Amino acid sequence: VSQSRYKYLVVKEQVIPAHPQPSPPVGRGDLSFDLPNNGGKLELIAVPAGTLVMEGGHRVQLPAFHIGKYPVTQRQYQAVMGKNPSKFSGQNNPVEQVSWHDAQAFCTKLTGILKRQGGYAVNLPSETIWEWAARGATKSKGYTYAGSNNLDEVGWYWENSGDKRLSGEWKSEKLTKNNCRTHPVGQKKPNELGIYDMSGNVWEWCQDHWTENANQLPQDGTPLTQGGDATFRLLRGGSWLNFARLCRSASRGFNDPVYRNLNLGFRVVCRSSRTL
């Protein structure tokens with residue numbers, strides 16, 4: 018099975034108990050919203066403005082924003098959309114089997130809900146906003162992954178996402194036999210800002226069109242929606258069935274916006290509707 022386009026094997030369902038680590042104290046302007054239909058809380062971390070320098074030297078000036086503390090979970094997706102498309106079972110596992118269009122529909126519907134709680138709007142992050150948050154923004158220590166140079170500390174990937182640790186050659190049958198899978202959000206260490214699961218677990222959709230040349234990305238943090246290849250959308254973060262190198266904060270992936278798979282999820286960014 019090729020890892021080049023992130024279209025992967027199907028593995029059997031597994032019910033995973035949720036035991037998230039304690040959350041850092043809410044502060045620094047972080048946000049929390051109650052979701053309807055027993056959806057729990059949507060928590061968002063405040064990310065300060067600053068300058069992102071991407072691999073290759075492309076510089077982007079980012080505004081301040083809020084980003085999901087976790088990927089959107091199955092419980093949250095069910096509460097907002099009235100369905101759960103995921104292959105793996107677990108309310109606190111990240112939702113997967115969602116296309117880019119599914120993720121956008123979630124954002125549109127959730128924005129309508131949140132406007133009744135303070136006038137906020139949510140969307141998918143631009144890929145530069147995503148990377149700035151993953152790297153820890155102004156608190157960055159230059160880690161390879163989101164919060165560490167050791168992926169095992171912060172993320173689920175093919176070697177550690179199953180019943181026992183794997184090594185050697187990547188083979189789909191090895192992952193199937195080892196019950197490799199997504200895991201409940203928040204079980205690994207957060208990055209410097211208190212954001213979880215930005216390396217591994219599920220790939221996360223971004224708004225942008227794909228471009229092989231990151232120098233084409235806007236320098237103000239907005240998504241690339243004019244130019245690039247509009248037949249594909251950006252993916253960031255790697256997943257539970259990927260090599261470690263694809264879980265780096267700088268790693269860039271893409272796929273068709275209608276494509277769904279059991280390692281594709283998303284998280285949201287939030288800003289005041291008055292700034293839209």
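Quick note on numbering: this note's numbering labels position 26 of the sequence shown as 43, and the sequence is numbered without any gaps.
Note that the Cβ used here is the ideal one computed from N, Cα and C, for glycine as well.
Predicted model, so just to flag it, every value in this text is computed and none were measured.
Close CB contacts of Ala267 within its chain, under the 6 Å cut and outside five residues either way in sequence, are with Glu72 (chain order). A straight-line Cα-Cα distance of about 15 Å links Pro274 and Pro240. In the three-state scheme derived from DSSP, where H, G and I count as helix and E and B as strand, Leu263 is classed as helix. The distance from the Cβ of Asn109 to that of Arg133 is about 25 Å, inconsistent with a contact at the 8 Å cut-off. Taking a 10 Å sphere around the C-beta of Thr125, we find fewer than 16 other C-beta atoms and assign the residue as exposed. For Asn280, the secondary structure class from DSSP, reduced to helix, strand or coil, is coil. For Glu60, the enclosing beta strand (DSSP E) covers residues 58 to 64. Scanning Ser165, Gly244, Pro88, Ala66 for the CA closest to the CA of Leu141 turns up Pro88. Residue burial annotation: Asp51 is exposed, with fewer than 16 other C-beta atoms found within 10 angstroms of its C-beta. The criterion of a C-beta distance shorter than 8 Å is satisfied by Ser178 and Trp257.
His226 sits away from Gly211, with the two beta carbons spaced by 8 Å or more. Under the three-state reduction of DSSP output, Gly129 falls in the helix class. In the DSSP assignment, Ala138 is bridged to Arg288. Note on the segment 177 to 207: whole alpha helix (DSSP H) runs with a minimum of 4 residues are 189 to 194, in chain order. The secondary-structure analysis by DSSP pairs Pro111 across a beta bridge with Thr90. Between Leu263 and Trp222, the CB-CB gap reaches or exceeds 8 Å. The C-alpha of Ala138 is placed about 23 Å away from the C-alpha of Asp214. Taking the Cα positions, Leu183 is about 7 Å away from Trp175.
Annotation for Ala150: the continuous alpha helix (DSSP H) segment containing it runs 144 to 151.
Here Thr90 is buried. Its C-beta has 16 or more other C-beta atoms within 10 Å. Nearest Cα to Lys86 within the set Pro207, Phe249, Gly136, Phe271: Pro207. The segment 165 to 175 makes no contact with the segment 57 to 77, as fewer than three CB pairs between them are under 8 Å. In the structure shown, the three-state DSSP call for Glu221 is strand. In the DSSP assignment, Asn272 is bridged to Arg250.
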